[in-house]
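Quick note on my numbering: the sequence shown kicks off at 1213 and runs consecutively.
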Amino acid sequence: MTGPDVLLRYRDAIALEVSRSLPPSDSHLDEMLRFQLGWTDEGMPSLAKCLRPSLCLMACEALGGDVDQALPIAVAVELVHNFSLIHDDIEDGDIVRHHRPALWHAFGRAPAVYAGIALWALAYQTLDRSAERGLPAERVLEARRVLNSACLEMIEGQHQDLTFELRSDVTLPEYVEMIGRKSGALLAASLELGALAAGADDDERARFALFGRQLGLAFQIRDDVLGIWGEGSATGKPVGADIARKKKSLPVVHALQQTVGPDRETLQAVYSKAAVDDGDVAAVLDILQRWNCRYFAQGLAEDYRAQAMDALSKTRIAPEARRSFDELMSFVLERDY
């Protein structure tokens, strides 16, 4: 499945702004950052889905703002996102990202750590360029505050996620709170920052942030589904990959709460083991199917989609812009990667 046209609208502008944000091309750091961002042989980055910066620019444009002024802010969000991906792969021990070796696996753990930190620093350096494009200084300062708050919340969510790996009693409300931080915070900031760049008032910014938060919940739940049932040709990982890592994603959290008898005993035994083998993965997949966990997860994602679109309906954007956001929501819930 390819992305919607709305994700292609700003792609070239985002890529060019990213290229302006990176260090000199003769440095080892630049080599790692270009690798992480998916730089192609033709010299432009693939930037995966470009979701977060596109959302930022969509919000700005929908509210009548200057997209050129918002562009450095949008790219700052993308750089922060990639900082989080680098560290997330290190913490989870994932060796593949976007069908290629994860940065730490290609260059080493320590170099990947400082590459991630470099992206975080470059994000704020990039954001400040919005002042050079004519964005008022007070909005630039507020954008810094919004992005920094989102960073801290995202990191708190990642910490929660790691602690969940040590527990067998994670509840659904705890899980939703965690992904609201880990995945929802930066998506909420993306949209709020776009509204801020356009000069929106606090109430309008809050509505866009709520839309982004609910979008983040739906996005992460879809990721959880793909992490278990996604096709390797699309995701770059085998079916059951998150089970093999004993990750407490939504389908597993739901199963641990709902199952009884032998199925519950099997789940508890598998998730208590030091290492999981192929037989364990197959057993868990069977249990998740029996208890309709995939159906439950996709249904919950649809609920958050409805809540997101309800928040968006309260904004003052035109129907055409709302349709673009709805198209993007459909992609989030139907994507196969």
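Glycine included, every Cβ here is placed at the ideal spot set by N, Cα and C.
Please read these numbers as outputs of a predicted model, since none were measured by experiment.
{"Query": "Can you say whether Ile1329 is buried or exposed, counting buried as having 16 or more other CB atoms within 10 angstroms of its CB?", "Result": "exposed"}
{"Query": "Here's the rule I'm using: 16 or more other beta-carbon atoms within 10 Å means buried, otherwise exposed. How should Val1292 be labelled?", "Result": "buried"}
{"Query": "Note down the Cα distance separating Leu1408 from Cys1272, rounded to an integer number of angstroms.", "Result": "8 angstroms"}
{"Query": "Whole angstroms is fine: what's the gap from Val1287's alpha carbon to Gln1248's?", "Result": "15 angstroms"}
{"Query": "Rounded to whole angstroms, how far is the Cβ of Gln1426 from the Cβ of Tyr1483, which I believe are closer than 8 angstroms?", "Result": "Going by Cβ atoms, the distance from Gln1426 to Tyr1483 rounds to 29 angstroms, so no, they are not a contact pair."}
{"Query": "Is there a Cβ from chain B that is less than 9 angstroms from the Cβ of Leu1315?", "Result": "Here chain B cannot be found, since the structure has a single protein chain."}
{"Query": "If I follow the unbroken alpha helix (DSSP H) through Ala1456, where does it start and stop?", "Result": "Ala1453 to Ala1456"}
{"Query": "Short of 7 angstroms in beta carbon distance, which residues of its chain neighbour Gly1452, apart from the five on each side in sequence? Order them along the chain.", "Result": "Ile1440, Val1493 and Leu1497"}
{"Query": "Kindly give me the distance between the Cβ atoms of Ala1324 and Ile1298, rounded to whole angstroms, as I take these residues to be in contact under 8 angstroms.", "Result": "5 angstroms"}
{"Query": "If I'm right that Leu1405 touches Ala1355 with Cβ under 8 angstroms, what's the distance once you round it to whole angstroms?", "Result": "6 angstroms"}
{"Query": "Beta-carbon within less than 7 angstroms of Lys1460's beta-carbon, same chain only, minus the 5 sequence neighbours each way: which residues are those?", "Result": "Phe1376, Glu1377 and Val1382"}
{"Query": "Would the beta-carbon of Leu1398 fall within 9 angstroms of that of Ser1296?", "Result": "yes"}
{"Query": "Which residues mark the beginning and the end of the alpha helix (DSSP H) in which Ala1349 is found?", "Result": "Ala1349 to Phe1376"}
{"Query": "Let me know the secondary structure DSSP gives Gly1255 once reduced to three states.", "Result": "Confidence at Gly1255 is low in this model, with a pLDDT of 47, below 50, so its placement is unreliable and the value that follows should be read with caution. Coil, per DSSP."}
{"Query": "Locate the alpha helix (DSSP H) running through Ile1440, then write down its first and last residues.", "Result": "Asp1414 to Trp1441"}
{"Query": "If I measure Cβ to Cβ from Leu1479 and keep anything under 8 angstroms in the same chain, skipping five residues before and after, which residues do I get?", "Result": "Val1464, Ala1467, Leu1468, Thr1471, Val1496 and Ile1499"}
{"Query": "Grab the span of the alpha helix (DSSP H) containing Ala1318 for me, first residue to last.", "Result": "Leu1315 to Phe1319"}
{"Query": "Jot down the residue ranges of each uninterrupted alpha helix (DSSP H) in the region 1447 to 1511, minimum 4 residues, whole runs only, in chain order.", "Result": "1453 to 1456, 1462 to 1470, 1473 to 1482 and 1490 to 1502"}
{"Query": "Rounding to the nearest angstrom, what Cα-Cα distance links Gly1194 and Asp1435 in this structure?", "Result": "Outside the displayed span of the chain (1213 to 1549) sits residue 1194, for which this structure offers no information."}
{"Query": "Let's see if you can read the secondary structure: which residues bound the alpha helix (DSSP H) around Lys1526?", "Result": "Neither: Lys1526 is in no alpha helix (DSSP H) and is coded neither H nor E."}
{"Query": "Which of the three DSSP states is assigned to Val1289 in this structure?", "Result": "helix"}
{"Query": "When DSSP builds the beta bridges, which residues end up paired with Arg1534?", "Result": "None; Arg1534 has no bridge partner."}
{"Query": "Who pairs with Arg1309 in a beta bridge, going by DSSP?", "Result": "Arg1312"}
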